[in-house]
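Peer 1: This is the structure I want to talk about, given as structure tokens.
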Amino acid sequence: MEELLDFLHERAEGDLLSWADQNSAAERFGVPLARVEDAALAAGILPARYQRNRRAITVARQLTLFRSTVAVIGCGGLGGYVIEELARLGVGTIIAIDPDVFEEHNLNRQLLSTPGTLGWAKVDAAAARVADINPAVTLVPVQAAYTPENGEELLHSARVIVDALDSIPARLALAKTCTALGIPMVHGAIGGWYGQVATQFPGDDTVQKLYSRWVEGKGVEQQLGNPSFTPAVVASIEVAEVCKILLGAGEILRNRKLSVNLLEMTFEEVLFEQSGAET
Amino acid sequence: MQINVKLFATFRAGRFAAETREYPEGTRVIDIIRDLGIPEEQIGMIMLNSKHAEPDQQLNDGDSLALFPLVGGG
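Chains as they are written, first to last, in this note's numbering: chain A, 1 to 279; chain B, 1001 to 1074.
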């Protein structure tokens, strides 16, 4: 593929490759856009769509993101925004898992729902959206419910797993699957004006702690519903966590949770003091 | 004895965000939950002095108790 590289170097302006040239390269060499993107990034050439990432994310780190796989469990309120942001960020492969189709009551908040996608599988809407906004990104749609039984098969290739579920028992099961697979899990949950985010690394029991008093049923969301802005806020914080885990950058919400209260507009950090020795 | 009680999210409605409250010796976590009229099944997590706690734990003067409702939507 030396010819492809020559072409990319020739077309790049400075170290930026335009979308038009990325497409030309894919056509001319008969390779997927993803292949062109990988080759460009590996050669230190940045697809121009990412140029505003640059202050935060170097070309080398952009390549790390592109070669990463992230699984998003749930494609509703949280999941829609998570998938949108991961695709725009340039995470190369997104596994989207959800058994449901869009219904009218999703329209107030679920990014991937429109009058035109009512009745669509949520994962198909996710695939269509990602193909629309960043065709170099591969979205793997899985129209199925995550279960402890299928978890390992569906999730083993992920570097990070994002909790965008709407069920407490499913979250507790997912936390176990993540630990068994040795994969970090970014937990997010919402209800009304409120939300929470925490990141659990294998061996931590953060999610178990957050729901330790749970016996059955749903949380505050049952009474309060979910307005448009809460999923957007919590999903964005989750994606920031994913980005930092993938890049090994910054400080993760590990052994602490962020409690979001949009009614009083407070963001409170809750620290979990470790009882045992941690590595 | 004095207990610093902190409530989160919906538990603040009609109550308070944070207060130092007076309770008799021997008070347990569950006694405070009942005193505040919080339905037990709405509680997701209890923290006592930044550590995960159980309802039957006894409190000491100066303890900090935080109560969080279940938040489970997505």
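Quick reminder that beta carbons are idealized off the backbone N, C-alpha and C, glycines included.
Nothing here was measured: the structure is a model prediction, and the numbers come from that model.
1) Assuming A175(A) and Q200(A) are in contact, meaning their beta carbons sit under 8 Å apart, how far apart are those beta carbons, in whole angstroms?
2) If you draw a straight line from the alpha carbon of Q1058(B) to that of A1066(B), how long is it in whole angstroms?
3) In terms of residue numbering, what span does the beta strand (DSSP E) encompassing R109(A) cover?
4) Alpha carbon to alpha carbon, what distance is there between S1050(B) and V82(A)?
5) Need the endpoints of the alpha helix (DSSP H) that N23(A) sits in, please.
6) Does any C-beta atom of chain B lie closer than 9 Å to the C-beta of A220(A)?
7) For K218(A), which of helix, strand or coil comes out of DSSP?
8) Should M1(A) be labelled buried (16 or more other beta-carbon atoms within 10 Å of its own) or exposed?
9) Using a Cβ-Cβ cutoff of less than 8 Å, which residues in the same chain neighbour A127(A) once the five nearest sequence positions on both sides are dropped?
10) So F272(A) contacts chain E; which residues on that side make the cut at Cβ distance below 9 Å?
11) Would you kindly report the start and end of the unbroken beta strand (DSSP E) that includes R1021(B)?
12) Sorted by chain position, which residues of the same chain lie with C-beta nearer than 6 Å to A125(A)'s C-beta, five sequence neighbours on each side aside?
13) In chain order, what residues of the same chain lie with their CB nearer than 7 Å to the CB of R61(A), ignoring the 5 residues before and after it?
14) Relative to the alpha-carbon of K257(A), which residue among G225(A), A232(A), D204(A) and C243(A) has its alpha-carbon at the smallest distance?
15) Who are the neighbours of V1071(B) on chain A, taking C-beta pairs under 8 Å?
16) At a cut of 8 Å, does the segment 48-55 of chain A reach the segment 68-77 of chain A through at least three beta carbon pairs?
17) Assuming the contact rule is C-beta atoms closer than 8 Å, D98(A) and G74(A) should be a hit. Round their C-beta distance to whole Å, please.
18) Give the DSSP-derived three-state secondary structure of D124(A) in the structure shown.
19) Quick check on the burial criterion: 16 or more other C-beta atoms within 10 angstroms. Buried or exposed for Q22(A)?
20) Any beta-carbon of chain A closer than 9 Å to the one on Q1042(B)?
21) Apart from the five residues on each side of it in sequence, which residues of its chain come closer than 6 Å, Cβ to Cβ, to G276(A)?
22) Cα separation between A249(A) and V31(A)?
23) Report all residues from its chain with a CB closer than 7 Å to the CB of I190(A); omit the five preceding and five following residues, and keep chain order.
24) Would you kindly work out how many angstroms separate the C-alpha atoms of E104(A) and K122(A), rounded to a whole number?
25) Going along the chain, which residues of the segment 1004-1017 of chain B sit with their C-beta nearer than 8 Å to a C-beta in chain A?
26) Would you say G1062(B) faces chain A, with C-beta separation under 9 Å as the test?
27) What residue from H1052(B), A1018(B), Q1042(B) and D1061(B) has the CA that sits closest to Q1002(B)'s CA?
28) Could you give the C-beta distance for A39(A) and L5(A), rounded to a whole number, given that I count them as a contact under 8 Å?
29) From which residue to which residue does the alpha helix (DSSP H) around I1030(B) run?
30) Are the C-beta of G1037(B) and some C-beta of chain A separated by less than 9 Å?
31) Please report how far the alpha carbon of I1030(B) lies from the alpha carbon of E1054(B), in whole angstroms.
32) Answer with buried or exposed for W19(A), where buried requires no fewer than 16 other C-beta atoms within 10 angstroms of its C-beta.
33) Quick check on the DSSP output: the alpha helix (DSSP H) that includes A232(A) runs from which residue to which?
34) Exposed or buried, T177(A), counting other C-beta atoms within 10 Å across all chains shown (16 or more means buried)?
35) Which of the three DSSP states, helix, strand or coil, is assigned to V1071(B)?
36) Return the residue from the list G1044(B), F1008(B) and Y1023(B) that minimises the CA-CA distance to F1016(B).
Peer 2: With the structure as the only source:
1) If you number the first sequence from 1, residue 175(A) lands on position 175. If you number the first sequence from 1, residue 200(A) lands on position 200. Their Cβ separation, rounded to whole angstroms, is 6 Å, which keeps A175(A) and Q200(A) in contact under 8 Å.
2) Residue 1058(B) sits at position 58 when you count from the first residue of the second sequence. Residue 1066(B) sits at position 66 when you count from the first residue of the second sequence. Taking the straight line from one Cα to the other gives about 14 Å.
3) If you number the first sequence from 1, residue 109(A) lands on position 109. It is not in any beta strand (DSSP E) - R109(A) carries neither H nor E in the DSSP assignment.
4) Residue mapping note: residue 82(A) aligns to position 82 of the first sequence, counting from 1. Residue mapping note: residue 1050(B) aligns to position 50 of the second sequence, counting from 1. Approximately 30 Å between the Cα atoms of the pair.
5) Residue numbering aside, residue 23(A) sits at position 23 when the first sequence is read from its first letter. Its alpha helix (DSSP H) spans residues W19 to F29.
6) Within the first sequence, numbered from 1, the residue matching residue 220(A) stands at position 220. Reading off the sequence, residue 220(A) comes out as Val, not Ala. Yes, contact with chain B.
7) Residue mapping note: residue 218(A) aligns to position 218 of the first sequence, counting from 1. Of the three classes helix, strand and coil, the one that applies to K218(A) here is coil, per DSSP.
8) Here residue 1(A) corresponds to residue number 1 of the first sequence, with the count starting at 1. Classification for M1(A): exposed.
9) Here residue 127(A) corresponds to residue number 127 of the first sequence, with the count starting at 1. Around A127(A): A96, L139 and P141.
10) The question asks about chain E, but that chain is absent: this structure's protein chains are A and B.
11) Within the second sequence, the letter at position 21 stands for residue 1021(B). Residues A1018 to E1022.
12) Reading the first sequence from its first residue, position 125 is the one you call residue 125(A). Closer than 6 Å at Cβ, skipping near neighbours: L112 and T117.
13) Taking the first residue of the first sequence as 1, we reach residue 61(A) at position 61. For R61(A), where only same-chain residues beyond five positions count, the Cβ hits under 7 Å are L247.
14) Taking the first sequence and counting its residues from 1, the one referred to as residue 257(A) is at position 257. When only C-alpha atoms are compared, the closest one is D204(A).
15) For this step, residue 1071(B) is matched to residue 71 along the second sequence. Ordered by position in chain A, the residues that pass the 8 Å Cβ test against V1071(B) are A189, I190, G191, Y194, G195, Q196, G219, V220 and E221.
16) no
17) The count along the first sequence starts at 1 and reaches residue 98(A) at position 98. The count along the first sequence starts at 1 and reaches residue 74(A) at position 74. That belief holds up - the Cβ atoms of D98(A) and G74(A) are roughly 6 Å apart, short of 8 Å.
18) The residue you call residue 124(A) lines up with position 124 of the first sequence. The answer is helix: DSSP assigns D124(A) an H, G or I state.
19) Walking along the first sequence from the start, residue 22(A) turns up at place 22. Under this definition Q22(A) is a buried residue.
20) On the second sequence, position 42 is the one that residue 1042(B) refers to. Chain A, which has a Cβ nearer than 9 Å to the Cβ of Q1042(B), makes this yes.
21) As a first step, residue 276(A) must be located in the first sequence, where it is residue number 276. Its pLDDT being 48, under 50, G276(A) is placed unreliably by the model, and nothing is read from it.
22) Numbered from 1 along the first sequence, position 249 holds the residue referred to as residue 249(A). Numbered from 1 along the first sequence, position 31 holds the residue referred to as residue 31(A). For A249(A) and V31(A), the distance between alpha carbons rounds to 32 Å.
23) Taking the first sequence and counting its residues from 1, one reaches residue 190(A) at position 190. These residues qualify, in order along the chain: G77, L78, E221, N226, T230, P231 and V234.
24) Sequence index remark: in the first sequence, residue 104(A) carries index 104 (1-based). Sequence index remark: in the first sequence, residue 122(A) carries index 122 (1-based). Spanning the two alpha carbons is a distance of roughly 13 Å.
25) F1008, A1009, T1010, R1012 and A1017
26) Stepping through the second sequence from its first residue, residue 1062(B) is reached at position 62. Chain A contact via Cβ: absent.
27) Numbered from its first residue, the second sequence carries residue 1002(B) at position 2. The shortest C-alpha separation from Q1002(B) is found at D1061(B).
28) Mapped onto the first sequence, residue 39(A) falls at position 39. Mapped onto the first sequence, residue 5(A) falls at position 5. Yes, they are in contact, since the Cβ atoms of A39(A) and L5(A) sit about 6 Å apart, within 8 Å.
29) Here the question's residue 1030(B) lines up with position 30 in the second sequence. Element bounds for I1030(B): V1029 to D1035.
30) If you number the second sequence from 1, residue 1037(B) lands on position 37. Chain A contact via Cβ: absent.
31) The count along the second sequence starts at 1 and reaches residue 1030(B) at position 30. The count along the second sequence starts at 1 and reaches residue 1054(B) at position 54. Spanning the two alpha carbons is a distance of roughly 8 Å.
32) The residue you call residue 19(A) lines up with position 19 of the first sequence. Counting Cβ neighbours within 10 Å, W19(A) comes out exposed, since fewer than 16 surround it.
33) As a first step, residue 232(A) must be located in the first sequence, where it is residue number 232. Residues F229 to L247.
34) Along the first sequence, read from residue 1 onward, the residue named residue 177(A) stands at position 177. So T177(A) counts as buried.
35) What you label residue 1071(B) is simply residue 71 of the second sequence in a count that begins at 1. Coil, per DSSP.
36) Indexing the second sequence from 1 puts residue 1016(B) at position 16. Measuring from the Cα of F1016(B), the nearest candidate turns out to be F1008(B).
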